[in-house]
Amino acid sequence: MSSTPRWDDYRLVLAIVESGSLSGAARRLGVNHATIFRRLSALEARVGTRCFERHSGGYVPTTAGETIATTARRMHLAVTDAERALMGNDTTLTGTLRITTTDALLVHVLMPVLVKFQKAHPELLIETTTSSELHNLTRRDADIALRPTRHPPETLTGKELGRLRQAVYISVDTLMDGSTPWVGPDASMSYHLLERWMKARGLDQRIVFRADSTLGMAFAIQAGLGQGVLPCYLADKMKGLVRVSDHISELETGVWLLTHPDIRHAASVNAFFAALLGSEWFESPLW
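Residue numbers (UniProt numbering): 1 to 287.
As structure tokens, this is what we get:
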């Protein structure tokens, strides 16, 4: 006997549809692969139909699965609309402030600001996520984003804080000649600008190590795995690294502080914008 899906079922199906795999859904929902498999099997048994076709390339939704996912998106948007409305009217610094950025910006730029900010507002819980993707602020994956980007989404509001410059770096202990190998970005970084720059020069053929984060690349270069392109604000201050090129103009990007218009005037967002803009990092427009 079939029954209608529960709220958690909608979240489950949407996570699988958007990630394309059980492991991706597990990471998104904070559970393990076995739990996702068990919950999906139970859902399909309960509703009396398959929600996905299993293929070598991943999980493809059936008509039933797509119907559930479409409904889940509408439900999620309704919830986030309500959350944004409530947060936009908030005048106190309590609750949770979600910030998304890259690992390098978090460690070398944001962390000193976050320490002072949290001490000034102890009732506020700060959550951070690090990746090379611009999280969807519209869906409230995050409240604030600090990102290097040339094209910030038009649906968001914010400010360009400066220009991020990059150059080629190498370890002081690594021999620099025409055969020196390269460290590059993994495809999961979605670092298309650097990938294109390297490919145009044939450097992608000399990559011996790939990392899925900027810090991963920096530590690999520092350890002597090869030369590579790094942000100057990061690499210039890392012990054992030396710059071996001029700034690469083709790779220069803006550094943007972004939020959703509905919560721009929330107390916590306003306070964090002020704290970050008042830090020493933004005394110079060039990083």
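We treat Cβ as the ideally placed atom computed from N, Cα and C, and that holds for glycine.
Predicted model only: the values in this text are computed from it and were never measured.
{"Asked": "Exposed or buried, which one is Glu280 when buried takes at least 16 other CB atoms within 10 Å?", "Found": "exposed"}
{"Asked": "Please classify His260 as buried or exposed, where buried requires at least 16 other C-beta atoms within 10 Å of its C-beta.", "Found": "buried"}
{"Asked": "Specify, as a first and last residue, the run of the alpha helix (DSSP H) that Ile221 falls within.", "Found": "Thr214 to Ala223"}
{"Asked": "Taking 6 angstroms as the limit between beta carbons, can you name the residues of its chain near Ala26, skipping five residues before and five after?", "Found": "Asn32, His33 and Ile36"}
{"Asked": "If you follow the beta strand (DSSP E) that His55 is part of, which residue opens it and which one closes it?", "Found": "Phe52 to His55"}
{"Asked": "List the whole-angstrom C-beta distance separating Thr253 from Pro148, where the pair is believed to meet the contact cut-off of C-beta under 8 angstroms.", "Found": "5 angstroms"}
{"Asked": "With DSSP as the reference, label Leu40 as helix, strand or coil.", "Found": "helix"}
{"Asked": "By alpha-carbon positions, which one of Pro181, Gln227 and Thr101 ends up nearest to Trp256?", "Found": "Thr101"}
{"Asked": "Taking Gly58 and Gly20 to be in contact with their CB atoms under 8 angstroms, please state how far apart those CB atoms are, rounded to whole angstroms.", "Found": "4 angstroms"}
{"Asked": "Whose C-alpha, out of Phe209, Tyr169 and Gly202, is nearest the C-alpha of Ile248?", "Found": "Tyr169"}
{"Asked": "Check Leu93 in the structure and name its three-state DSSP category.", "Found": "coil"}
{"Asked": "Rounded to whole angstroms, what's the CA-CA distance from Gly178 to Glu195? Just pull it up for me.", "Found": "20 angstroms"}
{"Asked": "Considering Cα atoms alone, identify which of Ile16, Arg39 and Arg38 is closest to Arg28.", "Found": "Ile16"}
{"Asked": "So for Ser171, helix, strand or coil by DSSP?", "Found": "strand"}
{"Asked": "Based on DSSP bridge pairs, tell me the residues matched to Pro5.", "Found": "DSSP lists no partner for Pro5."}
{"Asked": "What beta strand (DSSP E) runs, 3 residues minimum, are completely inside the stretch 96 to 170?", "Found": "124 to 130, 144 to 149 and 157 to 164"}
{"Asked": "Please return the same chain residues whose Cβ sits closer than 8 angstroms to the Cβ of Val242, not counting the five positions on each side in sequence.", "Found": "Tyr169, Ile170, Ser171 and Val172"}
{"Asked": "Whole-angstrom Cβ separation of Tyr10 and Thr62, contact assumed at under 8 angstroms?", "Found": "The pair is not a contact, with the Cβ atoms about 15 angstroms apart (cut-off 8 angstroms)."}
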